[in-house]
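Chemist:
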Amino acid sequence: MAAPAESKQRVCLVAFDGSKHAEIAVKWFKENIYKEGDHVLLVHAIDHRHSMAYGSVAMMPGNPDAIAQQFRGEEKKAEHVMVQYKQKCIDMGMPAEILKAYGEAGEAIVGVAHDKKADLIVCGCRGLGTIRRTIMGSVSDYVVHHSNVPVFICRHD
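Heads up: the sequence shown runs through residues 3 to 159, numbered per this note's numbering.
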């Protein structure tokens, strides 16, 4: 009789941005998918290009100090959110590795999932209307269409 096959530790990536939607997605993951022994990756994407996209005065050419200051502010905000989520995971009894990724959120999430060999991805959904989603795109839409692993979109009203 053959010995039972060892089960592989699942790598579960949960995207978060500090929003109420992300918080609900993390909680939903814990209650519905998480199994003891899973390697949970909470990924927070930072897109510094977003700061420059809207023509802030600080982003005008020739003002590198203002650009650096804005980037430091974004990094500090990200660190704060990451510390909060680390504590939330501890409080829920769910060990998690908190990662920071850079670039457009959808691309960053899919990239980390690929690099870390994730078995699944969970992300929240802001519930953009059809027109706004068509014009702006959405992170969850990008992840669904570019991931090679199952994606759970935690939608709520």
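Note that the Cβ used here is the ideal one computed from N, Cα and C, for glycine as well.
From the DSSP output, which residues share a beta bridge with Lys-102?
Modeler: Working through the sequence shown from its first residue, we reach residue 102 at position 100. Answer is His-46, bridged to Lys-102.
Chemist: Can at least three beta-carbon pairs, one atom from the region 66-73 and one from the region 8-27, be found at a separation below 8 Å?
Modeler: Output reads no: the region 8-27 does not touch the region 66-73.
Chemist: Throw me the rounded Cβ distance for the Val-146 and Ala-107 pair, which I believe falls under 8 Å.
Modeler: If you number the sequence shown from 1, residue 146 lands on position 144. If you number the sequence shown from 1, residue 107 lands on position 105. Not quite, the Cβ-Cβ distance comes to about 13 Å (not below 8 Å), so this is no contact.
Chemist: For Cys-91 and Asp-67, I'd like the C-alpha separation in whole angstroms.
Modeler: For this step, residue 91 is matched to residue 89 along the sequence shown. For this step, residue 67 is matched to residue 65 along the sequence shown. Those two C-alpha atoms are separated by around 36 Å.
Chemist: For Gly-75, does the three-state DSSP call read helix, strand or coil?
Modeler: Residue numbering aside, residue 75 sits at position 73 when the sequence shown is read from its first letter. Looking at Gly-75 - three-state DSSP - the assignment turns out to be helix.
Chemist: Can you determine whether any heavy atom of the ligand ZN sits closer than 7 Å to the C-beta of Ile-123, and answer yes or no?
Modeler: Summarising the ligand content, the structure contains no ligands, and the ligand ZN is consequently not present.
Chemist: Give me the Cα-Cα distance between Ala-120 and His-23, rounded to the nearest whole angstrom.
Modeler: As a working mapping, residue 120 is identified with position 118 in the sequence shown. As a working mapping, residue 23 is identified with position 21 in the sequence shown. Approximately 21 Å, taken between the alpha carbons.
Chemist: The beta strand (DSSP E) with Ile-35 in it runs from where to where?
Modeler: Taking the first residue of the sequence shown as 1, we reach residue 35 at position 33. It is not in any beta strand (DSSP E) - Ile-35 carries neither H nor E in the DSSP assignment.
Chemist: Nearest to Asn-150 by CA position, among Cys-156, Val-114, Cys-127, is which residue?
Modeler: Taking the sequence shown and counting its residues from 1, the one referred to as residue 150 is at position 148. Of the listed residues, the one whose Cα sits closest to Asn-150 is Val-114.
Chemist: Judging by CA-CA distance, which residue of Ser-21, Val-13, Leu-43, Ile-26 is the nearest neighbour of Leu-101?
Modeler: One-based indexing of the sequence shown puts residue 101 at position 99. Residue Leu-43 is the option with its Cα nearest to Leu-101.
Chemist: Excluding the 5 residues flanking Asp-49 on each side, which residues of the same chain have their C-beta closer than 7 Å to its C-beta?
Modeler: By one-based count along the sequence shown, residue 49 stands at place 47. Excluding sequence neighbours, Asp-49 sits near Gly-105, Glu-106, Ala-107.
Chemist: Judging by CA-CA distance, which residue of Glu-25, Leu-15, Val-13 is the nearest neighbour of Arg-157?
Modeler: Within the sequence shown, residue 157 is the residue found at index 155, counting from 1. When each option's Cα is compared against that of Arg-157, the closest is Glu-25.
Chemist: Using the C-alpha atoms, what's the distance from Asn-65 back to Gly-39?
Modeler: Start at 1 with the first residue of the sequence shown, and residue 39 comes out as number 37. Start at 1 with the first residue of the sequence shown, and residue 65 comes out as number 63. The alpha-carbon atoms of Gly-39 and Asn-65 are separated by roughly 49 Å.
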